[in-house]
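S.K.:
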Amino acid sequence: MNPELLEKLRPVSKEEQAILDGSKNVQKDLYTTKSDFIVDSDKMLEKGKLIDIRPHTRFIHFPVHRHNYVEIIYMCSGSTTHIIGGHNTVKLETGELLFLNQNATQEILPAGEDDIAVNFIVLPEFFDRAFLMMEEESILHDFLVGSLKEESGLVDYLHFQVKDELPIQNLIENMIYSLVTKQKNFRNINQTTMGLLFILLQNQSDKINKNDPAQYEQNLIFTALKYIEDNYKTGALEELAALTGRPDYYISKLIKRHAGHTFKTLLQIKRLNQAAFLLTTTRLPVENIITLVGYDNTSYFHRIFKEHFGMTPRAYRLEEKREKT
Numbered sequence: 648m649n650p651e652l653l654e655k656l657r658p659v660s661k662e663e664q665a666i667l668d669g670s671k672n673v674q675k676d677l678y679t680t681k682s683d684f685i686v687d688s689d690k691m692l693e694k695g696k697l698i699d700i701r702p703h704t705r706f707i708h709f710p711v712h713r714h715n716y717v718e719i720i721y722m723c724s725g726s727t728t729h730i731i732g733g734h735n736t737v738k739l740e741t742g743e744l745l746f747l748n749q750n751a752t753q754e755i756l757p758a759g760e761d762d763i764a765v766n767f768i769v770l771p772e773f774f775d776r777a778f779l780m781m782e783e784e785s786i787l788h789d790f791l792v793g794s795l796k797e798e799s800g801l802v803d804y805l806h807f808q809v810k811d812e813l814p815i816q817n818l819i820e821n822m823i824y825s826l827v828t829k830q831k832n833f834r835n836i837n838q839t840t841m842g843l844l845f846i847l848l849q850n851q852s853d854k855i856n857k858n859d860p861a862q863y864e865q866n867l868i869f870t871a872l873k874y875i876e877d878n879y880k881t882g883a884l885e886e887l888a889a890l891t892g893r894p895d896y897y898i899s900k901l902i903k904r905h906a907g908h909t910f911k912t913l914l915q916i917k918r919l920n921q922a923a924f925l926l927t928t929t930r931l932p933v934e935n936i937i938t939l940v941g942y943d944n945t946s947y948f949h950r951i952f953k954e955h956f957g958m959t960p961r962a963y964r965l966e967e968k969r970e971k972t
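First residue of the sequence shown: 648, per this note's numbering; consecutive thereafter.
#1: Express the C-alpha separation of K854 and L887 in angstroms, rounding to a whole number.
#2: Roughly how many angstroms separate the alpha carbons of E797 and S946, rounded to a whole number?
#3: Does the segment 732 to 740 come into contact with the segment 873 to 882, if we say contact requires no fewer than three beta-carbon pairs (one atom in each stretch) closer than 8 Å?
#4: Less than 8 Å between the CB atoms is what I'm expecting for F767 and E718, so what's the real figure, rounded?
#5: Does the structure place the segment 935 to 946 close enough to the segment 894 to 901 that three or more beta carbon pairs sit under 8 Å?
#6: Just to confirm my understanding: we take E970, look at its own chain, exclude 5 residues before and 5 after, and list those with CB closer than 8 Å. What are they?
#7: Within 8 Å, do at least three Cβ pairs link the segment 706 to 718 to the segment 659 to 678?
#8: Mind checking which residues open and close the alpha helix (DSSP H) that includes Q865?
#9: Could you tell me which uninterrupted alpha helix (DSSP H) segments, each at least 4 residues in length, are contained entirely in the segment 675 to 715, listed from first to last along the chain?
#10: Can you give the beta carbon distance from A625 to I731, rounded, assuming they're within the 8 Å contact cut?
#11: Between which two residues does the beta strand (DSSP E) containing S726 stretch?
#12: By Cβ distance below 8 Å, which residues in the same chain neighbour R776 in space, the five residues on each side in sequence not counted?
#13: Do Y804 and L747 have their C-beta atoms within less than 8 Å of each other?
#14: Closest to R834 by CA distance: which of E820, F773 and K911 is it?
Structure, rendered in structure tokens:
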């Protein structure tokens, strides 16, 4: 992280000074007015704000709690250890990101002076623009949509080990800088920046919850979804099974349970979405597009495209063209 920006986050807060002076507990009244320890956005955000950041409170064990907003934690320096859902231990290292579903429980072990993390406090409506910038069929999109619902989402957390991904680091630092320095028009800037961040993170599914034995099934799902993204034209369940070293029937059941669709359906959705993209961004004939996305039966493609989008490929292209003019 930029040294000047890091120094802006390093100073000991009043809460931390009280801890250093002998206070043994987190000051719950700073976070909530309720008996249950649910960190309240009304306490964390100024009225009218959709996003803000605050440095993580160091020097003390932060007890089990939840949030009524989406929390994104970025490790600026050092490390912090998080226990999520009562049994999943995640060590967040410098340059890594942790997305927490608002239904997840979390506790945090004491952090030292040089363990500097920032918590992004984000209300659901802040993500509207980011959602529009993302492909709908992605694991991160499903996670964020799930995090806005009352019931549990697809996963409790996403741990991105992306410290070596310079574009991602730059985007996060840009958001932190704009919030720390209170730049003008920061909401529009950060909503667009968040959308760009999500787009880049979609390509990092191989770095989600990496080497976390407790998340074995989730890691297989991320591998399967990444495989579909990269191999939608020729992908086959048997090949995916061989890649993961698990039987195809096991992979098939796992995908259905976690993603809500069969492997075949997910593959078809990806192919149709790619066809729709080519229809609206190129002048390629429909017959060429059909081949490019992995189909050789023209009649079958036209039928499933119309079932999925409610119109023929030609009508879809014309409709998108009209909307842009």
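Note that beta-carbon positions come from the ideal geometry of N, C-alpha and C, so glycine has one too.
M.R.: In brief:
#1: Cα to Cα, L887 sits roughly 18 Å from K854.
#2: In this prediction, E797 has a pLDDT of 47, which is less than 50 and means its spatial position is unreliable; what the coordinates show is noted afterwards. Each residue's CA atom was taken as its position, placing E797 and S946 some 42 Å apart.
#3: No, because fewer than three Cβ pairs between the segment 732 to 740 and the segment 873 to 882 fall closer than 8 Å, the two stretches do not touch.
#4: Rounded, the Cβ-Cβ distance is 7 Å, consistent with contact.
#5: No, they do not touch.
#6: Here the set comprises nothing.
#7: Taking a cut-off of 8 Å for Cβ pairs, the segment 659 to 678 and the segment 706 to 718 touch, as three or more such pairs fall below it.
#8: Looking at the DSSP string, the run of the alpha helix (DSSP H) that includes Q865 is Y863 to N878.
#9: Taking 4 residues as the shortest admissible run, the segment 675 to 715 contains the following complete alpha helix (DSSP H) segments, listed from N- to C-terminal end: 688 to 691.
#10: Within the shown structure, residues of the chain are numbered from 648 to 972, placing residue 625 beyond reach of any answer.
#11: Here the beta strand (DSSP E) through S726 covers S726 to I731.
#12: The beta carbon of R776 lies closer than 8 Å to those of Q838, T839, M841 and G842 in the same chain, with the five residues before and after it left out.
#13: Yes, these two residues count as a Cβ contact at 8 Å.
#14: Per the Cα distances, F773.
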